[in-house]
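S.K.:
In the numbering used here, the protein residues as written are 2 to 88.
#1: Any idea what DSSP makes of residue 33, helix, strand or coil?
#2: Under three-state DSSP, which class holds residue 15?
#3: Apart from the five residues on each side of it in sequence, which residues of its chain come closer than 8 Å, Cβ to Cβ, to residue 15?
#4: In the DSSP assignment, what are the bridge partners of residue 52?
#5: Skipping 5 residues on each side, what residues in its chain have a beta carbon closer than 6 Å to that of residue 26?
#6: How about residue 48 and residue 31: do their beta carbons lie closer than 8 Å?
#7: Just tell me which of 5, 33, 53 has its CA closest to the CA of residue 18.
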């Protein structure tokens, strides 16, 4: 197949079971009938999976962050300790 713009023979690339015709000169991308719908369908499902994973991560990201660790008292600075001694 030749590029409609440059009239140069295009190369085919297969991405996610979709054949994409790419022009090596103008870098144009040409799709056959129905291929854009396939790409959009795959992109929609990828976004749904990403959103579900992101929601799961957000739900448990801050949940019980310090589980299994002792709660330590904040250490005071040397100046604060000396100040308490000499007051």
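In this text, a Cβ means the ideal position worked out from N, Cα and C, and glycines have one as well.
M.R.: In terms of the structure at hand:
#1: Three-state DSSP puts residue 33 in coil, outside helix and strand.
#2: Residue 15 falls in the strand class under three-state DSSP.
#3: Here the set comprises 21.
#4: Residue 52 is not bridged to any residue.
#5: Only 7, 9 meet the Cβ criterion.
#6: Residue 48 places its beta carbon 8 Å or farther from that of residue 31.
#7: Here the closest residue by C-alpha is 33.
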